[in-house]
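Per our numbering, residue 25 is the first one in the sequence shown, and the count goes up by one each step.
Heads up, the beta-carbon is just placed ideally off N, CA and C, and yes, glycines get one too.
Take a look at the structure set out below.
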Amino acid sequence: MRYFLSLGSNLGRRRRNLARAVEALELAGIAIVKTSSLYETEPVGDKEQPWFLNLVVEASSSLDPEEMLDLIQTIERKLGRRSDERGGPRSIDIDILLAEEKVIQSERLTIPHPRLHQRNFVLQPLEEISAEAVQPLLGMKIKDLRTLSTDNSVVKKLRHPFRYRTPARRNAKTQAFL
Ligand code: AMP
């Protein structure tokens with residue numbers, strides 16, 4: 025199944041937290057198909073907290089959405105996210121934005137993510153990697169949702185590329201020591 029995930033961090037070494045999270049997804053067997061640029065973003069809601077770094081990744085996995093949620097929550101815990109971080113600063117936050125064109129409303133899970141179309145920090149990176157993806161409940165493409173968004177919080181695309189270590193690169197590095 026094709027997923028779009030949103031990742032954000034505004035505590036500690038933000039770039040590193042995001043790289044570790046993408047690496048952990050890959051180590052768990054999730055194929056990372058595409059990653060957006062990094063974006064520096066103004067906090068939405070509680071403004072008295074540091075700015076976030078955000079990105080969106082396209083991923084492919086045989087996990088169903090509930091299993092994907094279990095995995096991202098395990099990764100959040102492993103990367104040191106505490107349960108009291110909700111709404112405030114967090115070392116890592118991972119959300120499922122879209123799971124193909126599935127619509128899910130369970131106690132644990134709402135897909136498409138309910139605030140996807142209201143947040144520039146999600147819409148801009150998502151448009152960068154998949155402008156034609158469809159939000160199935162609204163029946164609209166991401167590029168059109170972005171045009172309609174009334175969110176005026178600041179989202180700055182960073183020029184420095186997002187880097188993380190793929191398993192192949194990790195092996196190459198290990199082998200260099202052998
Ligand atoms: P947050 O603190 O913002 O990461 O929210 C985490 C909570 O949102 C968890 O209890 C999840 O069960 C719930 N949740 C509902 N829908 C989603 C989704 N699409 N992606 C991630 N978490 C979700």
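- Message: Taking only three categories from DSSP, how would you classify residue 46?
- Response: By one-based count along the sequence shown, residue 46 stands at place 22. Here residue 46 sits in helix by DSSP.
- Taking C-alpha atoms, which residue in 144, 26 and 182 lies nearest to residue 174? Taking the sequence shown and counting its residues from 1, one reaches residue 174 at position 150. Residue 144 holds the alpha-carbon nearest to the alpha-carbon of residue 174 among 144, 26 and 182.
- How would you call residue 25, buried or exposed, if buried means at least 16 neighbouring beta carbons within 10 angstroms? Here the question's residue 25 lines up with position 1 in the sequence shown. Answer is exposed; the Cβ neighbour count stays below 16.
- Query: Say the cut is 7 Å; is the CB of residue 132 nearer than that to a heavy atom of the ligand AMP?
  - Reply: Residue numbering aside, residue 132 sits at position 108 when the sequence shown is read from its first letter. Residue 132: yes, Cβ under 7 Å from the ligand AMP.
- Apart from the five residues just before and just after residue 122, which ones in its own chain have a Cβ nearer than 6 Å to its Cβ? Indexing the sequence shown from 1 puts residue 122 at position 98. Excluding sequence neighbours, residue 122 sits near 28 and 136.
- Query: So what's residue 34 in DSSP terms, helix, strand or just coil?
  - Reply: Residue numbering aside, residue 34 sits at position 10 when the sequence shown is read from its first letter. Coil at residue 34, not helix or strand.
- Does the beta-carbon of residue 176 have 16 or more other beta-carbons within 10 angstroms, so that it is buried, or is it exposed? Working through the sequence shown from its first residue, we reach residue 176 at position 152. It is exposed - the Cβ of residue 176 has fewer than 16 other Cβ atoms within 10 Å.
- Message: Just list the residues that DSSP pairs residue 59 with in beta bridges.
- Response: Locating residue 59 in the sequence shown gives position 35, counting from the first residue. Beta-bridge pairing links residue 59 to 81.
- Query: Cβ-heavy atom distance between residue 93 and the ligand AMP below 7 Å?
  - Reply: For the purposes of this step, residue 93 is taken as residue 69 along the sequence shown, with counting starting at 1. Under cutoff, so the answer is yes.
- Under the assumption that residue 147 contacts residue 61 (Cβ atoms under 8 Å), give the Cβ distance between them as a whole number of angstroms. Here residue 147 refers to the residue found at position 123 of the sequence shown. Here residue 61 refers to the residue found at position 37 of the sequence shown. Going by Cβ atoms, the distance from residue 147 to residue 61 rounds to 14 Å, so no, they are not a contact pair.
- Message: For residue 118 and residue 83, which I take to be in contact (beta-carbon distance under 8 Å), what is that distance rounded to the nearest angstrom?
- Response: Locating residue 118 in the sequence shown gives position 94, counting from the first residue. Locating residue 83 in the sequence shown gives position 59, counting from the first residue. Residue 118 to residue 83, Cβ: 11 Å. No contact.
- Only counting runs of 4 or more residues, tell me where the alpha helix (DSSP H) segments fall wholly within the segment 85-160, in order along the chain. 89-102 and 144-154
- Task: Determine the closest residue to residue 154 out of 179, 124, 86 and 67, with distance taken between C-alpha atoms.
- Result: Counting from 1 along the sequence shown, the entry for residue 154 is found at position 130. Of the listed residues, the one whose Cα sits closest to residue 154 is 124.
- Query: With distances taken from CA atoms, which of 79, 157 and 98 is nearest residue 184?
  - Reply: As a first step, residue 184 must be located in the sequence shown, where it is residue number 160. If we check each option's Cα against that of residue 184, 79 comes out closest.
- Measuring alpha carbon to alpha carbon, tell me which of 71, 72 and 50 ends up nearest residue 87. Against the sequence shown, residue 87 aligns to sequence position 63. The shortest C-alpha separation from residue 87 is found at 50.
- Please classify residue 69: is it buried, with 16 or more other beta-carbons within 10 angstroms of its beta-carbon, or exposed? Locating residue 69 in the sequence shown gives position 45, counting from the first residue. With fewer than 16 other beta carbons inside 10 angstroms of its own, residue 69 counts as exposed.
- Out of curiosity, what's the CA-to-CA distance linking residue 92 and residue 128? In the sequence shown, residue 92 corresponds to position 68, counting from 1. In the sequence shown, residue 128 corresponds to position 104, counting from 1. For residue 92 and residue 128, the distance between alpha carbons rounds to 13 Å.
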